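**Student:**
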Amino acid sequence: LVIDELGYLPMTRQARYNLFQLINSLYEYRSIILTTNKDFTSWGEFFHDDNVAVPIIDRVIHHSHIFMLGGESYRLKQKTTG
Numbered sequence: 022l023v024i025d026e027l028g029y030l031p032m033t034r035q036a037r038y039n040l041f042q043l044i045n046s047l048y049e050y051r052s053i054i055l056t057t058n059k060d061f062t063s064w065g066e067f068f069h070d071d072n073v074a075v076p077i078i079d080r081v082i083h084h085s086h087i088f089m090l091g092g093e094s095y096r097l098k099q100k101t102t103g
C-alpha cells in the first residue's frame with residue numbers, strides 16, 4: 022500500500038477510523054509506503070486525536086525504515102528559478 026501526502030488534506034472522523042483499521046489490518050502482513058511532510062510530533066494535530074495518532078504511528082514505525090529528507094522543496098525551487 023502506498024499512501025502519499027498523509028496530512029495534506031483534513032480527514033473526517035470516519036476517514037481517520039478507516040485509516041487506522043486499514044493500517045492495523047496490514048500491520049506485520051503487508052508493506053506500507055507512506056509520505057508526509059509532517060513529523061510524528063504533529064500527527065495528533067491532523068488526526069485531531071492522539072488516541073488515534075499514537076497507535077497508527079506505533080504500527081507504521083515498527084519494523085520500518087524511515088527516510089527523513091530536509092531542505093527546500095524541489096518544485097518551489099524550480100518555480101522560482103525557472
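Sequential numbering from 22 applies to the sequence shown in the numbering used here.
Where a beta carbon is used, it is the ideal one built from N, C-alpha and C, also for glycine.
All figures in this text were calculated on a predicted structure; none of them were measured in a lab.
1) Go through its chain and collect everything with a Cβ distance to D25's Cβ below 7 angstroms, but skip five positions before and after it.
2) Alpha carbon to alpha carbon, how far is L90 from K59?
3) So, at 7 angstroms on beta carbons, what are the nonlocal neighbours of A74 in its own chain, with the 5 sequence-adjacent residues on each side left out?
4) Can you give me the start and stop residues for the alpha helix (DSSP H) that D71 sits inside?
5) In three-state DSSP terms, what is I87?
6) Quick check on the burial criterion: 16 or more other C-beta atoms within 10 angstroms. Buried or exposed for V23?
7) Mapping the DSSP letters down to three states, classify I44 as helix, strand or coil.
8) Check whether the Cβ atoms of M32 and L43 lie closer than 9 angstroms to each other.
**Tutor:** Reading it off the structure:
1) T56
2) 11 angstroms
3) W64, G65, F68
4) 71 to 82
5) coil
6) exposed
7) helix
8) no
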